[in-house]
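Residue numbers (full-length UniProt numbering): 1 to 311.
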Amino acid sequence: MIPDYQSLMRLVLECAASGPRQISDVVQDISDRLNLSEAERAQMLPSGKQTVIANRVHWARSYLKQAGLVHNTQRGWYELTQRGQATLADPNIVVNNKYLQQFDDYQEFMSRRKDGTTDDAANGSPETLTPDDETSTPDERLQEAHRKLQTALAANLLDNVRAASPAFFEQLIVDLLIAMGYGGTSDDAGRALGQSGDNGIDGVIDQDPLGVDQIYLQAKRYAAHVTVGSGEIRDFFGALSLKKASKGIFVTTSRFSPSATQTARDLGLRIVMIDGAHLAKLMIAYNVGCRDKDILHIKQIDEGYFEETAG
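Printed below as a string of structure tokens:
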């Protein structure tokens, strides 16, 4: 298990006990000291841009720097200050945010955070002035907040879709597939058939301008507790066979039973199954039924800007 960033603070000090250290090497050293598995070392933040262990080590170093326990010697390197050496020399000191609060430098940093004027080195700042109980880094909290917003949006989308008419739902699926790039750019490449009795087919997407290759759709607007069974998959398979189609997409606002999933695998045609959770994710990803509300730009240091040419 990867410790939280506060638990890494003493380790960050220990790694620089004998002199300046490069932060990337410290990440490796701490991973070795903690006996992290390969999976833990490779575990990424939800953004996919940085490993969790690297993010937490960087934030631990950043807070230590704000409290005056370490300082940067050059780009990507740090060393202990006298304050940091004194802290490390006392094995009884628990190095965490509560300990750092005794230092004026750290208190000033916290005040700047409150005013929104911090220039914190880790390219972000937590949202509270009382970080004693913080276990996740600001990056992790930001992305967790984003995940919660996405989860709430997905639930609201499904509620609205389930409350819509069957005809609206069928057209929504066509709109989504067009937004995803199926059917090219033709305005009439996709269409809902608009009648419930068309041999079990609710919509069709033309994959080429002449409509030679088509994808047929089945859309089931069910309540969350209703499960799509294997019988409905077989019925869709029969409808596809009548159309001499090689592929189809079955979409529901609920979920598929295990037998339905297995039936789709066993049949000779390619049937893609999209349940409610997957449908909501796709709608969010392709802005169908939702739109951008706020855009938050997260800035980071441009290291290349500060590189000076020797001589």
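Glycine included, each C-beta is placed from N, C-alpha and C at the ideal position.
With DSSP as the reference, label residue i as helix, strand or coil.
i	result
D206	strand
T81	coil
I271	strand
K98	helix
T118	Model confidence at T118 stands at a pLDDT of 45, short of 50, so the residue's coordinates are unreliable; what they give is reported in the following sentence. Coil, per DSSP.
I295	coil
P131	Any reading at P131 needs caution, since the residue's pLDDT is 47, under 50, leaving its predicted position unreliable; the model's value is listed next. P131: helix per DSSP, three-state reduction.
N92	coil
Q6	helix
F237	helix
M50	A small fix is needed here, since residue 50 is Gln in this sequence, not Met. Coil at Q50, not helix or strand.
R21	strand
A179	helix
L149	helix
R255	strand
H58	helix
Y106	helix
Y305	helix
N35	coil
N160	helix
V70	strand
Y286	coil
G276	helix
T263	helix
G229	coil
L217	strand
K247	strand
Does the beta-carbon distance from residue i to residue j come in below 8 Å?
i	j	result
V288	D175	yes
I215	F237	no
V57	L100	no
F169	R221	yes
S241	S259	no
A280	L157	yes
Y286	A179	yes
R234	T263	yes
G76	I30	no
Y78	R21	yes
Q150	I295	no
L267	K247	no
L45	N55	yes
R162	A223	yes
Would you mind working out which of the options sits nearest residue i, comparing C-alpha positions?
i	options	result
A167	E140, Q218, Q101	Q218
R33	F169, K293, I2	I2
A154	I178, H278, L240	H278
N97	D90, M110, P91	M110
R10	D294, L282, I93	I93
G181	E38, G268, L282	L282
A245	Y305, I301, D213	D213
N160	D90, G276, P91	G276
Apart from the five residues on each side of it in sequence, which residues of its chain come closer than 8 Å, Cβ to Cβ, to residue i?
i	result
L13	L64, L69, V70, L80, G84, T87, L88, V95
S136	D4, Y5, E144
V26	V12, C15, A16, V57, R61
A42	T51
H225	S254
Q82	none
T73	P20, E79
H297	none
D133	Any answer about D133 is weak, because its pLDDT of 49 lies below 50 and its placement is not dependable; what the coordinates show is given next. So no residue of the chain qualifies.
Y305	none
K293	none
Is there a C-beta anywhere in chain D that falls below 8 Å from the one on residue i?
i	result
K65	Considering every chain present, this structure includes no chain D. It has just one protein chain.
Give me, in chain order, the residues of the same chain whose beta-carbon lies closer than 7 Å to that of residue i; leave out the 5 immediate sequence neighbours on both sides.
i	result
R291	none
I249	I215, L217, V272, I274
A67	L100, F103, D105, Y106
I173	G203, L217, A219, V251
D119	Residue placement at D119 cannot be trusted, given a pLDDT of 42 that sits under 50; what the coordinates show is reported in the next sentence. Nothing listed; no residue qualifies.
E303	R75
G48	none
Among the residues of its own chain, which have a CB less than 6 Å from the CB of residue i, if the five just before and after it don't count?
i	result
E140	none
P131	Confidence in P131 is poor, its pLDDT being 47 and thus under 50, which makes the residue's placement unreliable; the coordinate value appears in the next sentence. Excluding positions up to five away in sequence, the list reads N97.
A39	none
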